[in-house]
Amino acid sequence: GAVVSQHPSWVICKSGTSVKIECRSLDFQATTMFWYRQFPKQSLMLMATSNEGSKATYEQGVEKDKFLINHASLTLSTLTVTSAHPEDSSFYICSATAGGPAGWQETQYFGPGTRLLVL
Amino acid sequence: AQSVTQLDSHVSVSEGTPVLLRCNYSSSYSPSLFWYVQHPNKGLQLLLKYTSAATLVKGINGFEAEFKKSETSFHLTKPSAHMSDAAEYFCVVSERTDKLIFGTGTRLQVFP
Chain A
1 GAVVSQHPSW VICKSGTSVK IECRSLDFQA TTMFWYRQFP KQSLMLMATS
51 NEGSKATYEQ GVEKDKFLIN HASLTLSTLT VTSAHPEDSS FYICSATAGG
101 PAGWQETQYF GPGTRLLVL
Chain B
1 AQSVTQLDSH VSVSEGTPVL LRCNYSSSYS PSLFWYVQHP NKGLQLLLKY
51 TSAATLVKGI NGFEAEFKKS ETSFHLTKPS AHMSDAAEYF CVVSERTDKL
101 IFGTGTRLQV FP
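In structure tokens:
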């Protein structure tokens with residue numbers, strides 16, 4: 001149980017185009033979803049937190065107009081990289097929690113990640 | 001502010017020998033601590049978590065970690081390494097919020 005999928009797993013795009021990445025919770029309802037970015041040989045950095053039906057909360061230094069996050073349902077969140085540039089090339093990972101009595105200590109379940117390459 | 005330091009970027013062991021992956025944390029409050037494993041082309045998988053209950057935490061695949069407040073450490077151990085344990089391991093801290101702070105990772109290599 002508790003499977004999170006991401007689509008696509010790989011995407012290559014031209015500079016200036018927009019790319020949408022989907023994150024789905026397959027067997028549970030995700031009250032909260034998170035988007036991370038991972039640079040090569042570095043750690044994961046939280047970009048934003050989104051709750052279903054609410055605006056996402058972005059971490060300091062993350063451009064909300066560039067990284068659009070939509071959490072329209074309890075099983076789907078999307079990250080759109082607008083007007084992508086080569087410096088946006090990275091590995092993007094989402095995670096989700098089901099909510100529950102443990103509150104903020106609920107386990108986050110991670111997707112397999114999406115590798116973005118902007119040419 | 002909370003932070004995590006993984007003391008080794010690479011650890012190499014022989015199959016069947018013990019594994020020790022070191023992690024130190026910094027937190028103003030009683031934190032929750034986690035170890036996640038990342039295999040190539042797969043999502044991060046939770047190995048174990050500490051949430052202020054027993055200080056010795058047992059996880060999946062024979063891994064365990066001990067929370068030592070006096071040493072601000074949460075080292076991950078396994079008595080006998082298996083080839084399938086080769087992966088990237090992340091120590092993670094969370095402090096009264098669902099925001100996770102990741103360490104820089106330790107790549108574990110297991111030689112036959």
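For the record, the sequence lines run as chains A and B.
Quick note, the first sequence lines up with residues 1 to 119 if you use my numbering.
Quick note, the second sequence lines up with residues 1 to 112 if you use my numbering.
From the three backbone atoms N, C-alpha and C, an ideal C-beta is built for every residue, glycine too.
- Considering only A/Leu116, A/Ser15, A/Val62 and A/Asn51, the residue with the shortest C-alpha distance to A/Tyr92 is A/Leu116.
- Among the residues of chain B, those whose CB is under 8 angstroms from the CB of A/Phe110 are Tyr36, Gly43, Leu44 and Gln45, following chain order.
- Listed as beta-bridge partners of A/Met33 by DSSP are A/Ser50 and A/Ala96.
- Annotated three-state conformation of A/Glu22 is strand, per DSSP.
- Interface with chain A (8 angstroms Cβ-Cβ cutoff): B/Phe90 is included.
- Minimum Cα-Cα distance from B/Thr106 among the listed residues B/Val11, B/Tyr25 and B/Ser3 corresponds to B/Val11.
- B/Val92 and A/Ala30 have their alpha carbons spaced roughly 21 angstroms apart.
- CA-to-CA, the gap between A/Cys94 and B/Tyr36 works out to about 14 angstroms.
- In the displayed model, B/Glu88 falls within a strand according to three-state DSSP.
- Here the stretch 60 to 79 of chain B lies against the stretch 24 to 34 of chain B, with 3 or more beta-carbon pairs under 8 angstroms apart.
- For the C-beta of A/Thr107, the chain B residues within less than 9 angstroms are, from N- to C-terminus, Phe34, Leu46 and Lys49.
- Judged by DSSP secondary structure, A/Val3 falls outside any beta strand (DSSP E); it is assigned neither H nor E.
- B/Phe90 is classed as buried because its beta carbon has at least 16 other beta carbons within 10 Å across all chains shown.
- At least one beta carbon of chain A lies nearer than 8 angstroms to the beta carbon of B/Thr104.
- Taking 8 angstroms as the CB threshold, B/Asp85 stays off the interface with chain A.
- Secondary-structure assignment with DSSP links B/Thr5 through a beta bridge to B/Asn24.
- For B/Lys99, the C-beta contacts it makes with chain A under 9 angstroms involve Phe34, Leu46, Thr49, Glu59 and Trp104, in order along the chain.
- A/Thr78: member of the beta strand (DSSP E) spanning Leu76 to Val81, first to last residue.
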